[in-house]
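Going by our numbering, 25 is the number at position 25 of the sequence shown; the sequence numbering is gapless.
Even glycine gets a Cβ: it sits at the ideal position worked out from N, Cα and C.
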Amino acid sequence: MVVRTELSEAEIDRVFHALAISTRRDILRRTIEREYSVSTLAGDYEMSFAAVQKHVAVLEEAGLIVKRAEGRERLVRANPEMIARARALLARYEELWRARVARLDDLLAETPTSAGSDESNEGV
Numbered sequence: 001m002v003v004r005t006e007l008s009e010a011e012i013d014r015v016f017h018a019l020a021i022s023t024r025r026d027i028l029r030r031t032i033e034r035e036y037s038v039s040t041l042a043g044d045y046e047m048s049f050a051a052v053q054k055h056v057a058v059l060e061e062a063g064l065i066v067k068r069a070e071g072r073e074r075l076v077r078a079n080p081e082m083i084a085r086a087r088a089l090l091a092r093y094e095e096l097w098r099a100r101v102a103r104l105d106d107l108l109a110e111t112p113t114s115a116g117s118d119e120s121n122e123g124v
């Protein structure tokens, strides 16, 4: 069995789009802790059931949550595999930026050797 860790550009776009809205981030946070029915989730937000369903659909399309039927209810829970893949992507971005900041720090820490000699020759 091959486990993919890299996200495609389309997957990255869907993940960032899904996480761009605070309601969706809250739904994801809650479904990491436990499984919820869509109707239970909808009861906790000041928006229509249909609006919450749309948020859930965006999260599901991004692969961040999975939905299953149990009788008449639709239960949702976080998808730890996709969350781990998104976390790995963010870790790579963090590593890239930390390396760039470290390089910038190194450049700023270098002392210019010719600047001091130019100032001492000004009065001559």
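Coarse secondary structure for residue i, derived from DSSP in three states
i, result
"residue 36", "strand"
"residue 1", "Legend: pLDDT at residue 1 = 49, less than 50; position of this residue unreliable, no value from coordinates given."
"residue 22", "helix"
"residue 7", "coil"
Nearest-angstrom Cβ-Cβ length linking residue i and residue j, presumed shorter than 8 Å
i, j, result
"residue 18", "residue 58", "5 Å"
"residue 32", "residue 89", "Rounded, the Cβ-Cβ distance is 18 Å, inconsistent with contact."
"residue 62", "residue 14", "4 Å"
"residue 49", "residue 37", "About 11 Å separates the two Cβ atoms, so there is no contact after all."
Beta carbon of residue i nearer than 7 Å to that of residue j
i, j, result
"residue 67", "residue 60", "yes"
"residue 64", "residue 28", "yes"
"residue 87", "residue 7", "no"
"residue 77", "residue 35", "yes"
"residue 55", "residue 25", "no"
Cβ-heavy atom distance, residue i to the ligand PLP, below 6 Å
i, result
"residue 100", "The ligand content of the structure shown is nil, which means the ligand PLP is not present either."
| message | So within the stretch 31-113, which uninterrupted alpha helix (DSSP H) runs reach at least 4 residues, ignoring any that extend past its ends? | response | 38-43, 49-61, 80-109
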